[in-house]
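In the working numbering, the protein residues as written are 819 to 1209.
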């Protein structure tokens, strides 16, 4: 029987990459706490979370008419000693609040995205249209704006990056990476990984790992790749859904250069990264992107893979001295940065080594997890308050 305190993590949608941050938190909590997940699901469990082994209390995403009754019913299934709400969406705050009252335990808000930023537009008319168009949506613009205010009232708040930590006066808990599992690949491991994925063993392979979406700059990366004439280079988009029309168009734009692999479990991540020489994260400079710090940056660093990334969010601080920064949305700059590393294996190795060293010192799940577990301990003991924890 597991005698560890039980943490209920409330997830926005168990069928999407909303699950990703919750998985990372659970791994950091594992040495001291057991975890269960609570949330609605718009479909099957998110593929990377397959086989995670923890209990899921889930219900199909309800329509607006059934939303309140389904939320109350789902909240009653919580069994934890403490509730962590992942993302300040209105539906998450409502479900987590009810679950906390149901169990009579404390709560922590984890902020991983700037949700209100998804609605931003420089046009007041567009913002008004979005507000009216989503007025009955549980996670519409007006409710999300109210939720952002409510989020600041939660007594304990943690955030995945500096932008969100500053905006919500939260304690910084980066995604981190498990450096005991994610370790530099040997030449034999790299060759085996490429064989499994059907990749040319002699090419330099760039990697884009995760859900390929426009705001992540994937089109910028493909356009930059097309300009690298004379370089024996390819791009692996790992985690691409087969039905994605965006991915199909990208493959058509660079025939023979872009390869894809389907969504994979987090347990397969080391094998995927082992095939890659260089991870590219050319995120665009959009309002909601400023509150997003891709977890795959830390994973690449853990495996001593150099990273080329846009100079947005926490990339300048995280990659200082161990990665290459480019202006967001600049195809020529991305191409130049990638070409310099493709043609210089010694520089790739040196940046990878520095990234691994920094990850072990500052971003390993051991280091970050110790801070998270201390926050949870203090909150369970009634001492948790973000203002006191931040110091």
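Cβ atoms here follow ideal geometry from the backbone N, Cα and C, with glycine treated the same way.
{"Item": "May I have the straight-line CA-CA distance separating residue 1074 from residue 1052, to the nearest angstrom?", "Value": "8 Å"}
{"Item": "Can you have a look at residue 836 and say buried or exposed, based on whether 16 or more other CB atoms are within 10 angstroms of its CB?", "Value": "buried"}
{"Item": "With distances taken between CB atoms, is the gap from residue 875 to residue 856 smaller than 9 Å?", "Value": "yes"}
{"Item": "May I ask you to report which of helix, strand or coil DSSP gives residue 1209?", "Value": "With a pLDDT of 38 at residue 1209, under the threshold of 50, the modelled position of that residue is not reliable, and the figure given next carries that caveat. If DSSP states are grouped into helix, strand and coil, residue 1209 belongs with coil."}
{"Item": "Are the beta-carbon atoms of residue 913 and residue 858 separated by less than 9 Å?", "Value": "yes"}
{"Item": "Please confirm whether residue 843 and residue 899 have their CB atoms less than 9 Å apart.", "Value": "no"}
{"Item": "Provide the residue(s) that pair with residue 854 in DSSP beta bridges, ordered along the chain.", "Value": "826, 873"}
{"Item": "Cα separation between residue 937 and residue 1090?", "Value": "34 Å"}
{"Item": "By how many angstroms is the C-alpha of residue 832 removed from the C-alpha of residue 863?", "Value": "6 Å"}
{"Item": "Does DSSP put residue 1100 in a helix, a strand or coil?", "Value": "coil"}
{"Item": "In this structure, what does DSSP give as the bridge partners for residue 878?", "Value": "859"}
{"Item": "How about residue 1104 and residue 1156: do their beta carbons lie closer than 9 Å?", "Value": "no"}
{"Item": "Residue 1209 to residue 1189, Cα distance in whole Å?", "Value": "Only weak support is given to the placement of residue 1209: the predicted model assigns it a pLDDT of 38, under 50, and the question is left unresolved by the model."}
{"Item": "Could you give the residue range of the beta strand (DSSP E) that holds residue 1079?", "Value": "1076-1079"}
{"Item": "Out of 1021, 1062, 1035, point me to the one whose CA is closest to residue 1050's CA.", "Value": "1021"}
{"Item": "Can we say the stretch 1145-1160 touches the stretch 952-963, given the rule of at least three CB pairs closer than 8 Å?", "Value": "no"}
{"Item": "Closer than 6 Å by C-beta to residue 982: which residues in its own chain qualify, once you throw out the five before and the five after it? Chain order, please.", "Value": "929, 1109"}
{"Item": "At the level of alpha carbons, what is the spacing between residue 1238 and residue 967?", "Value": "In the structure as shown, the chain starts at 819 and stops at 1209, and residue 1238 therefore has no counterpart that could be examined."}
{"Item": "Using a Cβ-Cβ cutoff of less than 6 Å, which residues in the same chain neighbour residue 1149 once the five nearest sequence positions on both sides are dropped?", "Value": "1038, 1041, 1042"}
{"Item": "Given a cut-off of 9 Å, decide if residue 1027 and residue 1167 are closer than it, judged by their beta-carbon atoms.", "Value": "no"}
{"Item": "In terms of residue numbering, what span does the beta strand (DSSP E) encompassing residue 927 cover?", "Value": "925-929"}
{"Item": "What's the call for residue 819, buried or exposed, on a 16-neighbour Cβ count within 10 Å?", "Value": "exposed"}
{"Item": "Mind checking which residues open and close the beta strand (DSSP E) that includes residue 837?", "Value": "Counting along the chain, residue 837 falls outside any beta strand (DSSP E), though it belongs to the alpha helix (DSSP H) covering 837-847."}
{"Item": "Does the pairing of the stretch 998-1012 with the stretch 1189-1199 give three or more beta-carbon distances under 8 Å?", "Value": "no"}
{"Item": "Since residue 1181 and residue 992 should fall inside the 8 Å C-beta cutoff, what is the C-beta to C-beta distance between them, to a whole number of angstroms?", "Value": "6 Å"}
{"Item": "With DSSP run on the structure shown, which of helix, strand or coil describes residue 1082?", "Value": "coil"}
{"Item": "Output needed for residue 1206: all residues of its chain with C-beta closer than 6 Å, excluding positions within five of it in sequence on either side, in chain order.", "Value": "Because residue 1206 carries a pLDDT of 45, less than 50, the predicted location of this residue cannot be relied on, and the following value inherits that uncertainty. None."}
{"Item": "Measure the C-alpha to C-alpha separation of residue 1112 and residue 1141 and round it to an integer number of angstroms.", "Value": "14 Å"}
{"Item": "Please classify residue 1100: is it buried, with 16 or more other beta-carbons within 10 angstroms of its beta-carbon, or exposed?", "Value": "buried"}
{"Item": "Are residue 1106 and residue 931 closer than 9 Å when you measure CB to CB?", "Value": "yes"}
{"Item": "Give the DSSP bridge partners of residue 1055, in chain order.", "Value": "1026, 1078"}
{"Item": "When burial is assigned at 16 or more other CB atoms within 10 Å of the CB, is residue 887 buried or exposed?", "Value": "exposed"}
{"Item": "Can the beta-carbon of residue 1079 be found closer than 9 Å to that of residue 1055?", "Value": "yes"}
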